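Numbering (the working numbering), first residue to last: 1 to 138.
Data block below; observations after.
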Amino acid sequence: MSQADDPAESVSVWQWRFDFYDQYGRPGSTLESEAAYKALPFGARVMLGCNVLAFFFGPIYFFVKGMWRKGFTVLLLTLAIGTVLFAVNASETMYQAASAGLGGVLMMTANYSYYLDQIKGSRSWNPFDGMKRRKRPT
């Protein structure tokens, strides 16, 4: 069994993410969290801010992780986008762009959504919960 397949390793990665979110909040939500995020090595920033499984599997990932409300919302959003693209007779490129765009957003929101679900007990239907950016000082 490789280290990547080790369940204990997976648990420690999630615990590390949860500890970061507990201490600083979502990266970019405050000046402190943004500074802490930028201080991390590149690989750690990717591990904290991106979830490749959510990119490729979208609503299925949310269902498997037990966030069925958010998964259902993502499924409806995916169907709505597909319906609109079909209605306007969009090109294949538009379908691919919409799919990649939605996948990218889900990839960036999945880890924090899982934290809210597991640690904060969130039962929200909004898969983008807590993703609001802080206002930049002018």
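Don't be surprised by glycine CBs; every beta carbon is placed ideally from N, CA and C.
Bear in mind that the values here come from a model prediction, so they are computed numbers and not experimental data.
Mind checking which residues open and close the alpha helix (DSSP H) that includes residue i?
i	result
residue 26	Per DSSP, residue 26 belongs to no alpha helix (DSSP H) and is neither H nor E.
residue 111	92 to 118
residue 123	Counting along the chain, residue 123 falls outside any alpha helix (DSSP H), and DSSP gives it neither H nor E.
residue 88	Premise fails: residue 88 is in no alpha helix (DSSP H) and is neither H nor E.
residue 40	No alpha helix (DSSP H) holds residue 40; DSSP gives it neither H nor E.
CA-CA distance, residue i and residue j?
i	j	result
residue 86	residue 72	21 Å
residue 122	residue 109	14 Å
residue 48	residue 76	27 Å
residue 11	residue 67	18 Å
residue 16	residue 45	12 Å
residue 41	residue 33	15 Å
residue 96	residue 118	32 Å
residue 146	residue 24	Only positions 1 to 138 of the chain appear in the structure, and residue 146 is not among them; the question remains open.
residue 60	residue 132	24 Å
residue 82	residue 43	34 Å
With distances taken Cα to Cα, identify the nearest neighbour of residue i among the options.
i	options	result
residue 103	79, 94, 58	58
residue 112	50, 96, 125	50
residue 19	120, 131, 126	120
residue 74	23, 45, 105	105
residue 107	31, 128, 25	128
residue 27	56, 115, 100, 126	115
Determine the burial state of residue i: buried for a count of at least 16 other Cβ atoms within 10 Å of its Cβ, exposed for fewer.
i	result
residue 13	exposed
residue 84	exposed
residue 54	buried
residue 70	buried
residue 22	exposed
residue 62	buried
Distance cutoff 9 Å, beta carbons only. Does residue i sit that close to anything in chain D?
i	result
residue 108	No chain D appears in the structure shown, which is made up of a single protein chain.
If you pair each beta-carbon of the region 27 to 43 with each one of the region 86 to 104, do three or more pairs fall below 8 Å?
no
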